[in-house]
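S.K.:
In our numbering, the protein residues as written are 2 to 266.
(1) Please report the Cβ distance between residue 39 and residue 17, rounded to the nearest whole angstrom; I am assuming they are in contact, meaning their Cβ atoms lie under 8 Å.
(2) Based on DSSP bridge pairs, tell me the residues matched to residue 77.
(3) Just to confirm the assignment: which complete alpha helix (DSSP H) runs, minimum length 4, are found wholly within the segment 166–236?
(4) May I have the straight-line CA-CA distance separating residue 68 from residue 170, to the nearest angstrom?
(5) For the segment 182–201 against the segment 89–105, do three or more pairs of beta-carbon atoms, one drawn from each stretch, fall closer than 8 Å, so that the two count as touching?
(6) Taking C-beta to C-beta, are residue 246 and residue 195 nearer than 8 Å?
(7) Consult DSSP for residue 121 and reduce its assignment to one of helix, strand or coil.
(8) What distance in whole Å lies between the Cβ atoms of residue 32 and residue 43, which are believed to be in contact at a cut-off of 8 Å?
(9) Which residue marks the beginning of the alpha helix (DSSP H) containing residue 24, and which one marks its end?
(10) Using 8 Å as the threshold, is the C-beta distance between residue 115 and residue 227 below it?
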């Protein structure tokens with residue numbers, strides 16, 4: 002059975018860098034088959050050789066993996082569009098999570114490391130897309146929303162009042178259940194790369210690329226708070242030991258990698 006690990010954190014925290022390298026370290030040092038779902042690439046590695054990756058997949062690939070690449074590019078094209086981007090990004094994350102599960106089964110993966118997760122990342126960033134964050138959802142509200150999306154349980158009007166519009170997420174969740182997609186789930190383990198908003202802005206600016214409209218201190222602070230509430234929900238559902246928090250502000254990538262590998266050992 003595959004252990005699904007999600008790397009989460011605000012922009013600039015180093016999620017993509019860690020997710021790709023952590024799977025390689027797990028395979029090499031622990032002698033396991035490990036996979037990574039990062040950006041539009043999915044890799045499967047054994048201790049000795051790469052088993053699958055972009056352009057080679059001897060035991061087959063997942064349609065969701067190909068669609069994930071397409072929708073990730075689409076989401077980048079509409080990143081500045083307040084209405085289109087959330088829907089495109091949610092669907093892309095659904096495809097990524099579905100592909101991670103499908104390839105984990107196909108290649109008998111022991112540990113799959115993903116850059117983000119549909120439920121955790123969507124709920125963590127939701128405040129950036131629902132207007133002012135002066136009345137954010139509580140841990141209970143988020144937990145109720147998760148159970149609604151996962152199991153189809155009723156979501157009361159009081160919780161809905163605090164949550165963003167779930168129409169897109171609800172439609173995808175119902176479709177996933179009917180079509181037996183495996184893209185809506187809570188991971189077994191989460192690694193939260195904690196970073197202050199000011200430090201995150203410095204890192205994002207240092208990249209030299211275009212800065213997205215939500216990559217500002219206020220929105221990053223709201224997302225950071227959102228992630229902390231989401232991780233409390235995960236602790237409820239998966240247990241206290243399922244969440245690992247790494248304060249990455251003063252750490253170099255190698256130190257973050259070592260800390261994450263140790264946390265998951």
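For each residue, glycine too, the CB sits at the ideal point set by N, CA and C.
M.R.: Put simply:
(1) That belief holds up - the Cβ atoms of residue 39 and residue 17 are roughly 5 Å apart, short of 8 Å.
(2) The bridge partners DSSP lists for residue 77 come to none.
(3) Listed in chain order, the alpha helix (DSSP H) elements of length 4 or more contained wholly in the segment 166–236 are 168–180 and 198–207.
(4) Each residue's alpha carbon lies about 18 Å from the other.
(5) Yes, the segment 182–201 touches the segment 89–105.
(6) The answer is yes: Cβ separation under 8 Å.
(7) Helix, per DSSP.
(8) Taking a contact as a CB-CB distance under 8 Å, the pair residue 43 and residue 32 does not count as one, their CB atoms being some 21 Å apart.
(9) 16–31 is the span of the alpha helix (DSSP H), which, as asked, contains residue 24.
(10) Using a Cβ distance threshold of 8 Å, residue 115 and residue 227 do not count as a contacting pair.
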